[in-house]
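Enquirer: Residue numbers (the UniProt record's numbering): 1 to 428.
First, the structure itself, so that you have it in front of you.
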C-alpha cells in the first residue's frame with residue numbers, strides 16, 4: 001500500500017483539433033524514447049516514401065486504419081504501450097474531429113492525464129474548448145496544454161504565452177485548477193523528449209519529463225473501500241466442504257480482516273474473516289488488487305453485489321440522476337428501456353427524463369431536449385428495476401460510472417457518471 005514509484009504505470013490521452021499534430025506527437029514520443037522496433041520504423045518509412053515524403057511520417061505509427069492514413073486524420077482511438085527507465089505508459093491517441101468526440105470520451109475515461117494540443121498558428125479553437133470540457137467532465141486529474149508547431153511561428157514566447165493564458169482561464173472556468181503548458185514542435189522534436197535549443201526562454205520540462213514526473217497515485221487508505229463481487233467460489237470438496245469466498249477486484253480503498261462490512265443492495269452486515277491474494281492469506285488488501293474475501297456469516301451474496309465498510313456504505317437507490325456522454329448512432333430518448341451496467345452488476349432500467357443537453361461551445365444548457373444523439377453530453381434521470389449502490393462520480397470514477405446498453409443487440413449507448421452537480425457547475 002504505497003504511493004507512486006518511479007516505475008509506476010501512467011495512462012494518458014492526447015486530444016486536440018484536427019491537424020494540431022496529435023498523432024505526430026505520439027509518434028515522436030515513441031521514436032525519440034526508442035520505443036519503436038526497427039521493422040515498424042522501416043514500414044513507416046516505406047509508407048511515407050510511397051506518399052512522396054522524404055522523411056518518415058511519424059503520425060503513421062498510430063494512424064493504423066486505412067481511412068486514417070488516406071485522410072490524414074485520427075478516427076478511432078489508437079492505444080500504444082511504451083516504457084522508459086522511470087515509468088511505464090499506456091497512451092490513447094484520440095480523434096480530433098468533432099464527429100468522433102465520443103471516441104475521445106472512450107480514450108479519456110480511464111486516463112490519469114490528458115494532453116490537449118493547440119496549433120500555435122490558430123490558438124484555442126472551438127474543438128480545443130470541447131476537448132477540455134470533456135476532460136473536465138471525466139475528472140481527468142492532470143491536464144497538459146501542448147502548444148504545437150512553434151517552429152511555424154518563429155518559436156516566439158509571446159505567441160505561446162497568449163495561448164497559455166487564454167486556455168488556462170478557460171480551464172479554470174471548468175473547475176480545472178492546474179494546467180501545465182509546454183511549447184513544442186512535434187515534427188521537429190522540440191521539447192517532446194529532448195529540450196529545444198530554439199526556445200531558451202522556456203525553462204520547464206519536456207513532455208516526456210512531465211509524463212515521467214506526474215504524481216498520479218493516491219494512498220488507498222485515504223479512499224473509501226469498495227469491492228464489487230465478480231464470482232462466488234464454492235468448491236464443496238472434502239477438503240473445503242463449507243468454504244464460501246467472494247472473488248473480485250477491489251475498486252478503491254483498503255479491506256482488512258476484522259472490518260465490519262455491508263453487502264449491497266441487500267443491506268446485510270457481516271465481518272471479514274479472511275482475504276486471499278494470489279493464493280496466500282493476507283491481513284489486508286488494497287485497490288486495484290484482485291482478491292477473494294471470506295465473511296463470518298453465511299449471507300446470500302452473488303455476482304454484482306457490492307461489499308463496503310458499514311460506516312461508509314452508499315445508500316442503494318432506484319432513481320439515478322447522472323451526466324452522460326452518448327456514444328451510439330442510435331439516439332437515446334425519454335421512455336427508452338435499456339440495460340445499466342455498473343461494475344459487475346447489470347440490470348434493466350428506463351430513461352425517465354432528459355432534463356438538459358450541454359452545449360460545449362458556450363457551456364450552456366438546452367433544457368428538455370427529448371433525446372440525445374451521437375456525441376451529445378447531457379443529464380438523464382433513470383429508474384432501475386433493482387436498487388443500485390452508486391457513488392457520486394466526483395468521489396469515485398470507478399463506482400460512480402456506468403454504461404447504458406441496448407438490450408436488443410448489446411450495443412453500448414451511453415457512458416454515465418452518477419450525479420449532476422458537476423454538469424451544472426459548467427455553466428458558472
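Backbone N, C-alpha and C fix where the C-beta goes; we use that ideal spot for every residue, glycine too.
Pick from 183, 221, 219 and 188: whose alpha carbon is nearest that of residue 203?
Expert: Nearest of 183, 221, 219 and 188 to residue 203, Cα basis: 183.
Enquirer: So within the stretch 105–147, which uninterrupted alpha helix (DSSP H) runs reach at least 4 residues, ignoring any that extend past its ends?
Expert: The qualifying runs are 126–137.
Enquirer: Pull up the DSSP beta-bridge partners for residue 458, would you.
Expert: Given that the chain is displayed from residue 1 to residue 428, the structure contains no residue 458 and the question cannot be resolved.
Enquirer: Measuring CA to CA, which of 342, 210 and 123 is closest to residue 192?
Expert: Checked all of 342, 210 and 123; the closest Cα to residue 192 is 210.
Enquirer: Any idea if residue 286 is buried or exposed, counting beta-carbon neighbours within 10 angstroms, 16 or more meaning buried?
Expert: That one is buried.
Enquirer: Got a sec, what are the start and stop residues for the beta strand (DSSP E) residue 231 sits in?
Expert: Counting along the chain, the beta strand (DSSP E) containing residue 231 begins and ends at 231–233.
Enquirer: Could you round the C-beta distance between residue 14 and residue 106 to whole angstroms and report it? I think they count as a contact, below 8 Å.
Expert: Actually they are not in contact, since the Cβ atoms of residue 14 and residue 106 sit about 13 Å apart, beyond 8 Å.
Enquirer: Provide the residue span of the beta strand (DSSP E) that contains residue 364, from first to last.
Expert: 364–367 is the extent of the beta strand (DSSP E) around residue 364.
Enquirer: Can you tell which of 354, 323, 316 and 359 has the C-alpha that lies nearest to the C-alpha of residue 385?
Expert: When each option's Cα is compared against that of residue 385, the closest is 316.
Enquirer: Would you be able to state if there are at least three C-beta pairs under 8 Å between the stretch 286–296 and the stretch 248–257?
Expert: In short, these stretches touch, since the Cβ pair count reaches three.
Enquirer: If you pair each beta-carbon of the stretch 124–138 with each one of the stretch 168–178, do three or more pairs fall below 8 Å?
Expert: Yes, the stretch 124–138 touches the stretch 168–178.
Enquirer: If we call anything under 8 Å between Cβ atoms a contact, is residue 382 one with residue 350?
Expert: Cβ atoms of residue 382 and residue 350: closer than 8 Å.
Enquirer: Residue 280 lies in the beta strand (DSSP E); which residues open and close that run?
Expert: Where residue 280 is concerned, the enclosing beta strand (DSSP E) stretches over 280–282.
Enquirer: Evaluate residue 307 with the Cβ neighbour count: other Cβ atoms within 10 Å of its Cβ, from every protein chain shown; 16 or more gives buried, anything less gives exposed.
Expert: Its Cβ being crowded by 16 or more others within 10 Å, residue 307 is buried.
Enquirer: If we ignore side chains and look at the alpha-carbon of each, how far apart do residue 155 and residue 188 end up?
Expert: Taking the straight line from one Cα to the other gives about 12 Å.
Enquirer: Can you give the Cα-Cα distance for residue 363 and residue 20, rounded to whole angstroms?
Expert: C-alpha separation (whole angstroms): 23 Å.
Enquirer: Find out if the Cβ-Cβ distance for the pair residue 303, residue 344 is shorter than 8 Å.
Expert: Yes, the pair counts as a contact, with Cβ atoms nearer than the cut-off.
Enquirer: Just grab the DSSP bridge partners of residue 149 for me.
Expert: Beta-bridge pairing links residue 149 to no other residue.
Enquirer: Identify the residues that DSSP records as bridge partners of residue 371: which are they?
Expert: In DSSP, residue 371 forms a bridge with 333.
Enquirer: Is it buried or exposed for residue 142, if we count other Cβ within 10 angstroms and need 16 for buried?
Expert: Buried, because 16 or more other Cβ atoms sit within 10 Å of the Cβ of residue 142.
Enquirer: Just confirm the distance between the C-beta atoms of residue 140 and residue 111, as a whole number of angstroms; I'd bet it's less than 8 Å.
Expert: The Cβ separation is near 5 Å, so the contact holds.
Enquirer: To the nearest angstrom, how far is it from the Cα of residue 220 to the Cα of residue 227?
Expert: About 13 Å.
Enquirer: So, using beta-carbon positions, are residue 334 and residue 370 closer together than 8 Å?
Expert: Yes, the Cβ-Cβ distance between residue 334 and residue 370 is below 8 Å.
Enquirer: Give me the Cβ distance between residue 222 and residue 309, rounded to the nearest whole Å; I'm assuming they're in contact under 8 Å.
Expert: Contact flag wrong, Cβ pair sits at about 14 Å.
Enquirer: May I ask you to report which of helix, strand or coil DSSP gives residue 168?
Expert: Helix, per DSSP.
Enquirer: Let me know if residue 214 comes out buried or exposed under the rule of 16 or more other beta-carbons within 10 Å of its beta-carbon.
Expert: By the 10 Å Cβ count, residue 214 comes out buried.
Enquirer: Do you know offhand how far residue 158's Cα is from residue 322's?
Expert: The straight-line gap from Cα to Cα measures roughly 42 Å.
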